[in-house]
Amino acid sequence: MPTRTGPFCVADAVCTAASAATPGDLSAARAQMGFSLAWHIVVACLGVGLPLLTLLTEWRGLRTGDRACRLLARRWARAMGVLFAVGAVSGTILSFELGLLWPGLMGRYGQVIGLPFALEGIAFFIEAIFLGIYLYAWDRLPPRAHLWTGVPVVVAGVASAFFVVCANAWMNQPTGFTEHEGRITAVDPWAAMLNPASPPQTVHMILAALMVASFLTASVYAVAMLRGRRDPYHRTGFLVPFALGAAVTPLQLAVGDWAARFVAANQPVKLAAMEGVYRTGSHVPLTLGGVGGRDGLRYGIEIPSGLSLLIGDSPGTVVQGLDRVPRDHWPAVTGVHWAFDLMVGAGFFLLLMGAWLLLSWWRARRSAGRDLLTLRGTRLFLLLGALTGPAAVVALECGWCVTELGRQPWVVQGLMTVHQAVNPAPGVMTGLWLVLAVYAAMTAATVYVLRRMVTERPVPIAPQERDIEEYPVV
1 MPTRTGPFCV
11 ADAVCTAASA
21 ATPGDLSAAR
31 AQMGFSLAWH
41 IVVACLGVGL
51 PLLTLLTEWR
61 GLRTGDRACR
71 LLARRWARAM
81 GVLFAVGAVS
91 GTILSFELGL
101 LWPGLMGRYG
111 QVIGLPFALE
121 GIAFFIEAIF
131 LGIYLYAWDR
141 LPPRAHLWTG
151 VPVVVAGVAS
161 AFFVVCANAW
171 MNQPTGFTEH
181 EGRITAVDPW
191 AAMLNPASPP
201 QTVHMILAAL
211 MVASFLTASV
221 YAVAMLRGRR
231 DPYHRTGFLV
241 PFALGAAVTP
251 LQLAVGDWAA
261 RFVAANQPVK
271 LAAMEGVYRT
281 GSHVPLTLGG
291 VGGRDGLRYG
301 IEIPSGLSLL
311 IGDSPGTVVQ
321 GLDRVPRDHW
331 PAVTGVHWAF
341 DLMVGAGFFL
351 LLMGAWLLLS
361 WWRARRSAGR
371 DLLTLRGTRL
381 FLLLGALTGP
391 AAVVALECGW
401 CVTELGRQPW
411 VVQGLMTVHQ
421 AVNPAPGVMT
431 GLWLVLAVYA
441 AMTAATVYVL
451 RRMVTERPVP
461 IAPQERDIEE
471 YPVV
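Everything in the sequence shown is counted per the numbering used here, starting at 1 for the first residue and increasing by one.
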């Protein structure tokens with residue numbers, strides 16, 4: 001049974017002192033955490049999706065004898081090692097920021113949400129161990145045995161994402177404890193980690209990671225093909241990841257609908273900000289675009305009763321608006337609404353590109369086995385294909401903006417505000433500039449190393465692969 005000693009006294013002291021934190025300190029803390037997360041999440045998605053993509057490509061090479069697939073897998077594995085190292089650094093920075101910037105949160109609720117972070121650490125070490133084996137055993141193990149050493153890397157990467165997102169889901173749907181007069185009792189870490197928000201959020205995030213890794217990789221080879229590199233190596237480098245991303249996209253849209261319905265039922269204020277609903281009522285329109293004012297969205301395009309139909313399958317479905325909560329509990333409506341619209345718009349763009357790929361494949365099959373990348377309209381397809389990677393990243397970042405900004409002013413929904421959680425000590429702005437400098441250096445170093453891997457031959461060519469050695473390295 002917890003007592004009033006130890007971290008509870010610290011947490012109470014911090015929450016009391018937080019009233020001394022200036023708006024500038026709070027804004028600097030939020031900017032630092034937001035920037036760090038926005039940078040890390042892209043690398044983390046590559047860490048989840050790129051191992052699966054590499055393993056699928058290696059498996060296809062073994063099954064079909066496609067030497068281009070085997071060479072692609074070797075080169076992607078090298079990039080995977082670099083990105084894993086960079087992600088470990090940025091993830092460590094985030095873990096320090098949780099304690100340094102938000103001591104009110106970790107001091108009071110650390111024992112509740114500590115389990116997923118501990119399990120994520122275990123998954124990280126498993127991933128690191130088997131990634132080392134996978135990278136250094138290419139020519140030291142039989143091909144199929146080497147393929148199996150990559151499976152734990154994929155599983156551990158997905159598990160890491162699952163555990164971290166469970167912690168974030170808890171902030172949206174806090175469960176697994178009892179709080180009385182500031183004291184945390186009856187802690188059930190498993191119930192906290194597996195809270196009701198965990199299923200939709202974790203599935204949504206894992207699918208997003210696969211989409212980002214797939215479409216980003218495909219966009220690199222789309223650019224190369226636009227520059228005239230139409231050999232089998234580059235065609236495979238484009239088609240394999242693009243096909244994986246296209247297959248995942250319809251699933252992601254279905255899961256997104258599931259997540260939105262969950263938000264409607266459990267976080268109605270966030271839904272109201274996402275859709276710009278100011279007044280509670282039925283027959284609520286679905287508004288695309290627009291700018292939030294004091295009493296409603298302006299300049300948006302309205303679809304009559306659209307939101308009521310989406311939420312409750314009936315025009316008469318009542319949707320709670322922002323008028324049910326005090327104005328100081330409103331999220332930033334315009335920012336959240338536009339982030340949500342951009343996320344959905346990017347998702348439908350990726351869905352249409354996947355449908356185009358399927359149509360091209362069907363036309364190629366009907367054209368006596370012609371290559372689908374030689375059909376009419378291929379250049380436009382590749383131009384838009386080069387945009388799928390940035391579009392997937394935009395959808396990812398906007399989705400996290402909706403999740404985090406839509407919960408404001410709460411850091412733990414209904415229990416603790418960001419103002420109560422922030423570190424009241426001065427100097428947060430200095431930390432922000434330091435973090436920006438560190439990430440600028442990390443970005444430059446990562447780009448430099450990856451570009452060197454592009455311009456120089458990154459892997460030794462096995463004897464049976466000598467005939468594809470002339471392929472430009474991408």
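For glycine and all other residues, C-beta sits at the position ideal for the given N, C-alpha and C.
Proximity below 9 Å, CB of residue i to CB of residue j
i	j	result
Ala-73	Thr-57	yes
Leu-55	Ala-213	no
Ser-36	Leu-94	yes
Ser-282	Pro-315	yes
Gly-406	Val-325	no
Cys-69	Thr-236	yes
Gln-408	Ala-339	no
Glu-120	Pro-152	no
Thr-403	Val-411	no
Val-284	Val-277	yes
His-204	Gln-252	yes
Leu-396	Met-211	yes
Pro-174	Gln-413	yes
Val-248	Arg-60	no
Ala-197	Asn-172	yes
Tyr-448	Trp-39	no
Gly-157	Ala-191	no
Val-112	Pro-189	yes
Arg-279	Asp-323	yes
Met-442	Val-89	yes
Arg-108	Gly-176	no
Ala-44	Tyr-134	no
Phe-238	Gly-385	yes
Met-343	Val-394	yes
Val-269	His-329	yes
Ala-246	Leu-357	yes
First through last residue of the alpha helix (DSSP H) which encompasses residue i
i	result
Arg-144	143 to 149
Ser-90	67 to 101
Ala-209	198 to 226
Asp-257	232 to 266
Gly-385	378 to 405
Val-418	418 to 421
Residues that residue i bridges to, as DSSP identifies them
i	result
Thr-185	Thr-178
Arg-298	Val-291
Ile-303	Leu-286
Gly-281	Val-319
Where the beta strand (DSSP E) through residue i begins and ends
i	result
Leu-288	286 to 288
Val-412	410 to 412
Interface flag, residue i vs chain B, CB-CB below 9 Å
i	result
Pro-241	Of the protein chains in this structure there is only one, and it is not chain B.
Inter-stretch contact (C-beta, 8 Å, three-pair minimum) for the segment 217 to 224 and the segment 377 to 390: yes
Length at least 4, wholly inside the segment 311 to 376: the alpha helix (DSSP H) runs in chain order: 333 to 366
Any 3 or more C-beta pairs closer than 8 Å across the segment 348 to 355 and the segment 294 to 310: no
The segment 425 to 436 in contact with the segment 26 to 36 per 3-pair CB rule at 8 Å: yes
Inter-stretch contact (C-beta, 8 Å, three-pair minimum) for the segment 160 to 169 and the segment 107 to 123: yes
Contact the segment 226 to 235 vs the segment 256 to 273: 3+ CB pairs below 8 Å: no
Cβ contact (3+ pairs, closer than 8 Å) linking the segment 101 to 111 and the segment 420 to 431: yes
The segment 36 to 51 contacting the segment 79 to 91, beta-carbon criterion three pairs below 8 Å: yes
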